Every structure is written in C-alpha cells, then in structure tokens.
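In my numbering, the protein residues as written are 74 to 283.
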Amino acid sequence: AVLGVEIDSVTITEAVDLLEKFIAERKPRLVATANAEMVMLAQEDAELSQILNSAALVVPDGAGVVWAAKYNGIPVRERVAGYDLVQALLARAAVKGYSIYFLGAAPGIADKAAQLSVRQYPGLRIAGVRNGYFSAEEVPGIIGDIKAKQADILLVALGVPKQEKWLKANLAQIGVPVAIGVGGSFDVMAGVVSRAPLWMQKTGLEWLYR
Ligand code: UDP
C-alpha cells in the first residue's frame, strides 16, 4: 500500500483486459486512477480512503505513486495515467462494440469529447452524454438514463473526490459494469486543456506542467 491506499500493479494492457472481464461479468465495479493528489486527499478523507480500498481496480496514475509503490515493495511496472487508460479502453471498446457513457465536465465538453472519440476510434458506440453540473434532484433522471442506455462503460469526470463519492453512492443502482473516475480527461479530450509535452509525461514531470 502507498500511504494506506492499495495500488494494483497492472500495466495499461492488463488493466484494459481486466476491464473487459468486468464487462463480461456485468457486476458493477468502480475503477480509480490514483495520483499523488488523490493518495494525499485519502489521508484526511476517510470516505475516499474506504472507497479506494474497496474499488475493484486502482491504477498507479502518476510518477510519485509509481515511485512510492516501488519503495513500498509493490512491483509496479508502469505508470497508468487515467487519460491513457481511457484512450486504450476506447480503442478496445471500438473494436469489441462496448458502449460508453460520458458523464461530467462543463456543458458541451463531454459532447465534444464523445464526438472526437468517435472520429478517433471509428465504430465507437456512445451510449449517452451528460454534463457534470446538475442538482441532487436531477440525479435520479441521470441514473435512469445511464441504465436505460445499458452502457458498458461509464466515464465520470466530476473531479476528485466528487466523482468517487458520486459513484459510491450511485453505482449499485446504475449497475454499469465498469465505472471510472476520469477527472479532467474530458477537458483534455475536447481540446480545452492540453497535456504536458511528451518528454514531460515520460520523465514523470506532467504534474509540474499542470
Ligand atoms: N466538474 C464537474 N462537475 C462539478 C465539478 C467539476 O463536471 O461539479 C468537472 C470539471 O468541469 C472538470 C473536472 O470535473 O472537467 C475536474 O477536473 P480536474 O482537472 O480538476 O480533475 P482532478 O484534478 O480532480 O482529477
């Protein structure tokens, strides 16, 4: 564990293979991408800590987490950035026919991210799209929509730890087999926010760029 958070030692390919297994099993599962910020938040947030330690999969997202995991004897082989995991999953989904529901980010962003994904991964099935600014009264309608569309994968971009807590409260009812908190990924996918240069990603300095 890294500061009490259990991190799974998986590569991106292994993570995507596991997510496919979850889809086949149809049981709702929560997936988290743990960066240093999330691990630090979990130190003071018992609910977040409990959610992470009962998640089906927690990937090592971030150089700091990879380093700390290795330091703690967890044989982490590579960094699995949330954004990269989503891209690998969308590529696999387009081939296998899995449908994706995009929930989160400002109005228009999830739509754009979904549209650009279809262009990038031809054949990708979009189950539905909904922005991340809604009231408690609107939640039952959102849950109903995700259920009705029978999405295989739910990407939730509400930021940490809101997305994890929202999923903890609602995932059992939604029943989607793979639900992942993806933070600011839709903003990056929609081209609103850019990632750090590749050399910074590779040298583990992406956090510095942000
Ligand atoms: N967001 C949202 N609803 C909210 C609060 C935030 O949809 O009530 C979105 C926000 O528009 C952004 C994402 O959540 O797209 C959070 O991005 P950030 O980069 O802050 O993610 P984190 O660093 O928490 O992973």
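For every residue, glycine included, the Cβ atom is placed at its ideal position computed from N, Cα and C. Bear in mind the structure is a predicted one, so any value in this text is a computation, not a measurement.
V202 is a Cβ neighbour of F175, given a cutoff of 8 Å. In the three-state scheme derived from DSSP, where H, G and I count as helix and E and B as strand, R165 is classed as helix.
Shortest Cα-Cα distance from S258 to any of P270, Y156, P148 involves Y156. One alpha carbon belongs to D134, the other to A161, and they sit about 14 Å apart. Remark: the shortest separation between the CB of L231 and any heavy atom of ligand 1 falls under 7 Å. Counted as a single uninterrupted DSSP element, the stretch harbouring G214 is not any beta strand (DSSP E) but the alpha helix (DSSP H) occupying residues 212-221.
Between the region 122-130 and the region 263-278 there are fewer than three inter-stretch CB-CB distances shorter than 8 Å, so the stretches are not counted as touching. The Cβ neighbour count for P250, taken over all protein chains shown within 10 Å, is at least 16; the residue is labelled buried. By the Cβ-count criterion, S190 is buried, with 16 or more other Cβ atoms from all chains shown falling within 10 Å of its own Cβ. The residue among A183, V149, W239 with its C-alpha nearest the C-alpha of E87 is V149.
Not one heavy atom of ligand 1 sits closer than 7 Å to the Cβ of F175. Short note on D184: C-beta not closer than 7 Å to any heavy atom of ligand 1. The Cβ atoms of L231 and A252 do not sit closer than 8 Å to each other. Assignment of T276 by DSSP, reduced to helix, strand and coil, places it in the coil class. Comparing C-alpha distances from Y206 to each of V261, K185, A179 shows the shortest one belongs to A179. Counting along the chain, the unbroken alpha helix (DSSP H) around Y144 starts and ends at 136-144. In the displayed model, I182 falls within a helix according to three-state DSSP. Assigned with DSSP and collapsed to three states, V159 falls in helix. Excluding residues up to 5 positions away in sequence, L103, V229, A252, G254 lie with their Cβ nearer than 7 Å to the Cβ of L240 in the same chain.
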